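According to my numbering, the sequence shown is numbered sequentially starting from 12. In this text, a Cβ means the ideal position worked out from N, Cα and C, and glycines have one as well. The structure displayed is predicted, hence computed values, not measured ones.
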Amino acid sequence: HVWSKAQGEAETRLIMDSIRARLDGAALSIGPRGQTRLSLEFAEARYDEDLAVNHGLLRFRALTQESA
C-alpha cells in the first residue's frame, strides 16, 4: 500500500512506479528453497475520502522454483 497527502495522485503513482520497477520480474533468493520470482498482478490508485489521502495498491504474485 502507498498513501500520499499530496494534491492529486501524481506522487502516489510515482511511488507506485518506483515499486513496480524494483519488484516486477525480480528474482529473489529466500532461504534454501530456491528462487522466488515476483510478477505484478494488480495496481490501482484512488482517492480515499475517509482518510483524505491518495491510496495506491499493488499486488504481486510470488512463484517459487525449488532448487534441484
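Hey, could you find the ends of the alpha helix (DSSP H) ARG33 is sitting in?
-> 21 to 34
Check each candidate in SER78, ALA56, ARG72 and VAL64 and name the one with the smallest Cα separation from GLN18.
-> VAL64
Using CA coordinates, which residue listed in ALA54, ARG44, GLY42 and LYS16 is at the minimum distance from SER29?
-> ALA54
Note down the Cα distance separating ARG70 from ARG24, rounded to an integer number of angstroms.
-> 14 Å
Output yes if chain B places a C-beta closer than 8 Å to the C-beta of ILE26; else output no.
-> You won't find chain B in this structure, because it holds only one protein chain.
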